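Student: Quick note on the numbering used here: the sequence shown kicks off at 17 and runs consecutively.
Where is the CB? At the ideal position from N, CA and C, for every residue including glycine.
Computed from a predicted model, the values in this text were never measured in an experiment.
For reference, the structure I am asking about is given below.
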Amino acid sequence: MSSSLLKKQAVKGTIWTIFAYGASQVLRFGSNIILTRLLVPELFGLMALVQVFIQGLNLFSDIGINPSIIRSERGDDPEFLNTAWTLQVIRGFCLWFGCLVIAYPVANYYEEPRLIWLIPLVGLNTIISGFNSTSLATLNRHMEIDKLSKLELGVQIVSIAVMIIWAWISPTIWALVAGNLISIFLKTFWSHYLNVGKSNRFSWNKDVLNEIISFGRWIFVSTTMTFLASQADRILLGKLFSLEMLGVYIIAFTFADIPKQISLKISTQVIFPAISKMTNLSRKAFRAKIIQKRWKMLIILALVVTILVSFGDLIIIRLYDARYQSAAWMLPILALGLWPLLLSVTIDPSLYVIGKPVYPAIGSLFKFIYMLIMLPLGFSKFGTVGAVTVIAFNDLPFYAVVIYGLWKEKLSAILQDIQATILLLALVTSLVMTRWILGFGLPLEKIL
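Dropping the structure here:
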């Protein structure tokens with residue numbers, strides 16, 4: 017693929033990713049505001065626990081099927097795709113069996129009997145999504161982000177409609193469960209409609225299997241560590257906080273997570289496929305191309321973080337009723353703490369492309385250890401404020417390891433990171449001071 021065509025696809029993919037994510041967030045927050053008026057905070061906390069453990073099973077068994085399709089030279093070979101699909105279907109059934117196994121221990125640990133039936137029920141989505149067409153990975157491979165974006169938005173609209181209507185008629189946990197399962201089913205059905213080649217069928221090719229497993233073993237380690245690191249807050253907070261307070265935390269986290277989700281979407285749907293086509297370049301030229309494009313993305317992310325830090329509490333106060341007001345002081349802290357991760361995910365796809373996913377895996381392990389030690393300590397010493405502050409800055413260990421890996425592989429971007437961080441701090445300081453001068457107080461005043 018020519019450099020100009022690749023650039024054109026990357027720009028188009030980035031535009032579609034940002035547009036789709038923006039539209040998705042408008043739908044998400046609009047529905048969130050409606051649902052928080054129909055459902056009690058406890059139900060959001062309960063569903064968060066269910067999703068944590070189902071997502072955990074997914075990540076603990078992730079062998080990188082989709083990334084393998086995207087990066088492999090045989091990624092368009094029907095035999096490769098069908099073997100990958102067969103492996104995916106088998107994995108889906110194994111995941112649901114895992115849901116059955118963990119349901120009782122998890123319910124017993126959190127002293128919440130509803131989890132016994134909720135985890136296997138919601139876990140049916142693992143079987144359904146196991147039948148997703150490989151067209152989703154193929155479209156990503158060829159950077160046809162517009163088709164993927166339309167699918168995601170369509171599925172989300174249907175899911176939201178189901179949840180709101182159900183919650184209006186019957187304000188129970190079933191509204192959230194039904195919306196989740198229907199969205200997964202619709203995505204699977206739609207994915208086969210998007211398949212322009214032959215439909216997936218069961219196949220088993222040992223060479224393909226070996227290639228997927230060879231690449232996927234580090235993906236498995238990386239995603240396992242990622243789960244432990246990224247979900248440790250909900251796992252531990254589910255025990256430390258009440259379900260009501262956990263539900264309030266989820267509201268704050270949802271807003272703070274916006275910059276991360278933007279960067280992850282662009283990273284997986286645009287950056288990774290694009291730089292996978294640059295492996296023939298020298299390491300110096302490879303690094304130069306990444307650094308050049310990354311700066312614009314960092315500026316955008318710095319602006320988004322600045323707005324959340326400076327005005328996030330006012331957004332919560334205006335949009336949510338009194339039951340959710342504690343989320344107002346949580347949001348600025350969580351948003352600011354995301355910055356090290358944003359610096360990482362805008363460049364660490366390069367480590368996967370050159371076959372070095374070991375660094376993100378080790379970084380996630382360090383992050384998990386940090387959470388395991390510091391979160392209970394922070395909560396015991398400073399209560400909810402201490403726990404939220406520990407969570408906010410839990411990406412520092414991950415960032416440190418990734419930066420070391422980039423330096424060792426001659427892909428270091430530390431100077432650019434310093435410049436971007438200075439820009440972020442200057443923007444935050446300016447807006448916070450402007451807010452104070454205008455008489456709106458400071459972001460963390462609600463902490464008291």
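Looking at residue 264 and the ligand HEM, is the gap between the Cβ and the nearest heavy atom below 6 Å?
Tutor: The model on display carries no ligand, and the ligand HEM is accordingly not part of it.
Student: Give the straight-line distance between the Cα atoms of residue 384 and residue 276, rounded to the nearest whole angstrom.
Tutor: 18 Å
Student: Given this structure, state the Cα-to-Cα distance separating residue 35 from residue 396, to the nearest angstrom.
Tutor: 42 Å
Student: Looking at residue 348: is its Cβ nearer than 7 Å to the Cβ of residue 328?
Tutor: yes
Student: For residue 206, which option in 259, 147 and 31 has the closest C-alpha, if you only look at C-alpha atoms?
Tutor: When C-alpha distances from residue 206 are compared across 259, 147 and 31, the shortest belongs to 147.
Student: Cα-Cα, which of 189, 125 and 190 is closest to residue 256?
Tutor: 125
Student: Are at least three pairs of beta-carbons, each pair with one atom in the segment 329 to 341 and one in the segment 356 to 367, less than 8 Å apart?
Tutor: no
Student: Between residue 51 and residue 177, is the Cβ-Cβ spacing less than 7 Å?
Tutor: With a cutoff of 7 Å on beta-carbon distance, residue 51 and residue 177 are scored as not near each other.
Student: Mind checking which residues open and close the alpha helix (DSSP H) that includes residue 162?
Tutor: Per DSSP, the unbroken alpha helix (DSSP H) holding residue 162 starts and ends at 161 to 185.
Student: Quick check on the burial criterion: 16 or more other C-beta atoms within 10 angstroms. Buried or exposed for residue 423?
Tutor: exposed
Student: Give the DSSP-derived three-state secondary structure of residue 260 in the structure shown.
Tutor: helix
Student: Should residue 440 and residue 318 be called a contact, given that it needs their Cβ atoms to be closer than 7 Å?
Tutor: yes
Student: Mark residue 133 as exposed unless 16 or more other C-beta atoms lie within 10 angstroms of its C-beta, in which case mark it buried.
Tutor: exposed
Student: Have a look at residue 442 and residue 457 and give me their C-alpha separation to the nearest angstrom.
Tutor: 19 Å
Student: Ordered along the chain, which non-local residues of its own chain (more than five positions away) have a Cβ less than 7 Å from that of residue 219?
Tutor: Counting only Cβ-Cβ distances below 7 Å, and skipping sequence neighbours, we find 95, 98, 99 and 102.
Student: Under 7 Å between the Cβ atoms of residue 112 and residue 142?
Tutor: At the C-beta level, residue 112 and residue 142 come within 7 Å of one another.
Student: Could you give the residue range of the alpha helix (DSSP H) that holds residue 126?
Tutor: 94 to 126
Student: So, at 7 Å on beta carbons, what are the nonlocal neighbours of residue 60 in its own chain, with the 5 sequence-adjacent residues on each side left out?
Tutor: The answer, listed in chain order, is 263 and 266.
Student: Counting Cβ pairs closer than 8 Å, one from the segment 372 to 384 and one from the segment 416 to 434, do we hit at least three?
Tutor: yes
Student: Which stretch, first to last residue, makes up the alpha helix (DSSP H) that contains residue 275?
Tutor: 274 to 282 is the extent of the alpha helix (DSSP H) around residue 275.
Student: Compare the C-alpha of residue 335 against each of 105, 53 and 203 and name the closest.
Tutor: 53
Student: Can you look up residue 203 in the DSSP assignment and give me helix, strand or coil?
Tutor: helix
Student: Look up residue 318 in the DSSP assignment and say whether it is helix, strand or coil.
Tutor: helix
Student: State the CB to CB distance for the pair residue 310 and residue 429, rounded to an integer number of angstroms; the pair is presumed to be in contact (CB under 8 Å).
Tutor: Yes, residue 310 and residue 429 are in contact; Cβ-Cβ is about 7 Å, under 8 Å.
Student: Leaving aside the five residues before and after residue 344 along the sequence, list all residues of the same chain whose C-beta is less than 7 Å from its C-beta, in chain order.
Tutor: Within its own chain, the residues whose Cβ lies closer than 7 Å to the Cβ of residue 344, once the five positions on either side in sequence are excluded, are 329, 332, 333 and 462, listed in chain order.
Student: Thinking C-beta only, is residue 403 closer than 7 Å to residue 350?
Tutor: no
Student: Hey, how far is the Cα of residue 209 from the Cα of residue 162?
Tutor: 15 Å
Student: With a 10 Å radius around its C-beta and 16 neighbouring C-beta atoms as the bar for buried, classify residue 121 as buried or exposed.
Tutor: Its Cβ having fewer than 16 others within 10 Å, residue 121 is exposed.
Student: Taking all protein chains shown into account, do 16 or more other C-beta atoms lie within 10 angstroms of the C-beta of residue 114, making it buried, or fewer, making it exposed?
Tutor: By the neighbour-count definition (other C-beta atoms within 10 Å, threshold 16), residue 114 is a buried residue.
Student: Quick one: Cα of residue 45 to Cα of residue 398, how far?
Tutor: 30 Å
Student: Put residue 215 into one of helix, strand or coil per three-state DSSP.
Tutor: coil
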